[in-house]
Each structure stands twice: as structure tokens, then as C-alpha cells.
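What follows is a single structure, written as C-alpha cells, with notes after it.
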Amino acid sequence: MKRMLEKENLRELLLFAFIGGCSTALDFILYLLFLNAVNVVIAKGASMIAASVFSYLMNKTLTFKVRKKTDTGMVVRFYIVFVLNLLANVTVNWLFYSMLQTKLIPFILATAAGMAVNFFGQKYFVFQKIPASEEHTE
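The working numbering numbers the first residue of the sequence shown as 1062 and each following residue consecutively.
Structural data, given as C-alpha cells:
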């Protein structure tokens, strides 16, 4: 049983990282496309929103296999975790940049911290497992 849980957690983590990479690529591609039609702020905002919707849907259905119908609470929890991820990312980057005065290492550590906040926040807060008897599927 323990081995099955470890295997499932690894599957979730790897899929989460893959979907995160796809979300980042989607963000970048849409950003470049939107720049042809709108200013840079709107382009980045729109591309980030689209990428976050993609991330939400893919992680809900593929990574965490949640069949429960999306409700307002789930979406609000997702964006709470999104903000916590942002805060963790920026804070870790600032702390390590202040200490090391270099850019790459703080960026990598900040990204790892943000990914950890995002993964555990989504797994245990946004897409928390509920007993099958209580699930309301779409």
C-alpha cells in the first residue's frame, strides 16, 4: 500500500511538472501572439490567465484525477494558491538575490519554492480528495 502511494505521488509530481512546463510554453506563445494586437501589459495578463485556466483544467483532470464538478470554491482556492505561489516565488528570489547578488541561483530556488507551494496547495487544498460516495461528477 505504501509503495502504491509513493508511486502515485511520483506520478502526480511528474505530471504536475510536465503540465507546468506546458502552461509556461502556452503563456509564452500566447503572449507573443497577443503582442500583435494589444499592448504588453494586456498581452501578458491575458496569456497568464489563459495559461492558468489550462493549468487548472489539466491538473484537475489529469494530475489529481478530480471528477467533482468545478465550483466557485475550487476556483477561488486555485487562485489563492496562485497568489501564495507568487509570494513564495518573489520572496525566495529576493532573499537569495540579496544574499548572493547573482540572478540564476535565486531564480532556480524561487521557482522550486513556488512549485512546491503550488503542488502541495493544489493537491491538499484545491483538489483535495473526497470520498467517492460524496463526489458529484460533471
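Glycine included, each C-beta is placed from N, C-alpha and C at the ideal position.
CB contact flag (residue i, residue j, <7 angstroms)
i     : j     : result
F1115 : L1074 : no
A1173 : N1154 : no
V1178 : L1145 : yes
Straight-line Cα distance separating residue j from residue i
i     : j     : result
T1133 : R1064 : 35 angstroms
F1077 : F1180 : 7 angstroms
M1135 : I1141 : 10 angstroms
T1085 : Y1092 : 10 angstroms
N1120 : K1126 : 8 angstroms
N1185 : Y1117 : Strictly speaking, residue 1185 in this sequence is Tyr, with Asn absent from that position. Going by the C-alpha atoms only, they are around 14 angstroms apart.
L1147 : F1079 : 19 angstroms
A1149 : F1143 : 10 angstroms
K1129 : L1094 : 34 angstroms
K1190 : M1109 : 27 angstroms
I1166 : M1160 : 11 angstroms
G1182 : V1151 : 17 angstroms
A1112 : T1124 : 16 angstroms
K1164 : F1089 : 21 angstroms
T1131 : F1168 : 33 angstroms
E1199 : Y1158 : Annotation note: pLDDT 47 at E1199 (below 50); position unreliable, coordinate value reported separately. The alpha-carbon atoms of E1199 and Y1158 are separated by roughly 45 angstroms.
Whole-number beta carbon distance between residue j and residue i, since they are thought to touch under 8 angstroms
i     : j     : result
L1096 : A1104 : 5 angstroms
F1139 : V1101 : 26 angstroms between Cβ atoms; not a contact.
L1176 : G1082 : Before going further, note that residue 1176 is Met rather than Leu in the sequence given. With 8 angstroms as the limit, M1176 and G1082 do not qualify as a contact, their Cβ atoms being about 11 angstroms apart.
Reduced DSSP secondary structure (H/G/I, E/B, other) of residue i
i     : result
K1121 : helix
K1184 : helix
K1105 : helix
K1126 : coil
N1070 : helix
K1190 : coil
L1076 : helix
Endpoints, the alpha helix (DSSP H) within which residue i is located
i     : result
Y1158 : 1133-1161
Min CB distance residue i to chain D below 7 angstroms
i     : result
V1153 : Absence of chain D from the displayed structure is noted, only one protein chain being present.
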